[in-house]
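All residue numbers for the sequence shown refer to my numbering, where the first residue is 16 and numbers rise by one. Data block below; observations after.
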Amino acid sequence: MFIADTHFGHKNIIKYSARPFIDVITMNEHIKNKWNEMISNEDIVYIIGDFARRDFKKYVNLLNGKKIFIQGNHDPPEIGVKQLELQLNNYKFILSHYPTNLNSHNAWLIHGHVHNNRLREYPFINSKKRTINVGVDLTKFYPVNMKWILDLIETKRDYLYLPSKII
């Protein structure tokens, strides 16, 4: 499972990303519920940056799954790694909070950081650039299952948002 840009406890993100919540408590609860609905305590979750503004451990303890952190620009510097590489089903994936040019790596980039800004450049899936933006603003606040990613890559299509039919 993959997720980015939850920004637990960050009230201004509601305004910056036009999130449909009246306050940060409602946002936190909604994201927590979507997370725990999809993830069991046995699942591995790759958090691709910008997890929590403060009270980091509090939110970690409220959420199911074994968490692996990729550092974002709003995370404590001692948490996680800057980048990670995975090999699955004959695909190479680079996990990085920041969308970078990886054409020379012959890999797909799973990232966050840009939220729902620059959607044409950084949609949920850009098949030409081989990028996958798992920021919650593009996934209806759900974590994204690797099977979904693999199925959508196989279509060789672009997707602005995570398709509803796949959840």
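Glycine included, each C-beta is placed from N, C-alpha and C at the ideal position.
For residue j and residue i, the rounded distance between their alpha carbons
i                : j             : result
lysine 171       : leucine 124   : 15 Å
serine 32        : asparagine 51 : 23 Å
aspartate 38     : lysine 97     : 30 Å
tyrosine 176     : lysine 47     : 20 Å
serine 142       : asparagine 27 : 32 Å
lysine 30        : glutamate 136 : 21 Å
isoleucine 140   : threonine 41  : 28 Å
phenylalanine 36 : glutamine 102 : 37 Å
arginine 217     : leucine 77    : There is simply no residue 217 to check, as the chain begins at 16 and stops at 182 in what is shown.
tyrosine 74      : lysine 82     : 11 Å
Extent of the continuous alpha helix (DSSP H) to which residue i belongs
i              : result
isoleucine 28  : 27-31
asparagine 160 : No alpha helix (DSSP H) contains asparagine 160, which DSSP labels as neither H nor E.
threonine 41   : 39-53
isoleucine 75  : The sequence shown places valine at residue 75, rather than the isoleucine named in the question. Here the alpha helix (DSSP H) through valine 75 covers 71-77.
Spatially closest choice to residue i from the options, by CA coordinates
i              : options                        : result
asparagine 104 : Lys82, Phe156, Trp163, Val151  : Trp163
glutamate 57   : Ala33, Val129, Gly24, Met16    : Met16
tyrosine 106   : Thr115, Ile140, Ile168, Tyr137 : Ile168
histidine 89   : Phe66, Tyr74, Asp70, Ile109    : Phe66
aspartate 70   : Lys143, Gly95, His22           : His22
lysine 155     : Asn132, Ser179, Ser142, Pro92  : Ser179
valine 60      : Asn160, Leu177, Ile140, Tyr176 : Asn160
glutamate 93   : Phe36, Lys72, Ile147           : Lys72
threonine 115  : Val75, Met42, Ile181, Ile147   : Ile147
Contact set for residue i: own chain, Cβ-Cβ below 8 Å, skip 5 residues either direction
i             : result
serine 55     : Asn79, Gly80
methionine 53 : Met16, Tyr157, Pro158, Asn160
lysine 34     : Checking the sequence, you will find arginine at residue 34 rather than lysine. Correct list, in chain order: Ile28, Met42, Asp152.
Contacts around residue i, its chain only, beta-carbon distance under 6 Å, and the 5 residues preceding and following it disregarded
i              : result
alanine 19     : Ile63, Gly64, Gly127, Val149, Gly150
histidine 25   : Arg68
isoleucine 109 : Glu100, Leu117, Ala122, Leu124
asparagine 43  : Phe23
Integer Cβ distance of residue i from residue j, believed to fall under 8 Å
i             : j             : result
tyrosine 157  : lysine 49     : 5 Å
histidine 130 : aspartate 152 : 5 Å
isoleucine 85 : histidine 112 : 6 Å
Element boundaries [beta strand (DSSP E), containing residue i]
i                : result
histidine 126    : 123-126
leucine 110      : 106-111
phenylalanine 66 : Looking at the DSSP string, phenylalanine 66 is not in any beta strand (DSSP E), and its letter there is neither H nor E.
glutamine 102    : 98-103
lysine 82        : 81-85
threonine 21     : Per DSSP, threonine 21 belongs to no beta strand (DSSP E) and is neither H nor E.
beta-carbon residue i near the ligand ADP non-hydrogen atom, thresh 7 Å
i         : result
valine 60 : The model on display carries no ligand, and the ligand ADP is accordingly not part of it.
7 Å CB neighbourhood of residue i in its chain, flanking five on each side removed
i          : result
glycine 95 : Phe84, Ile85, Gln86
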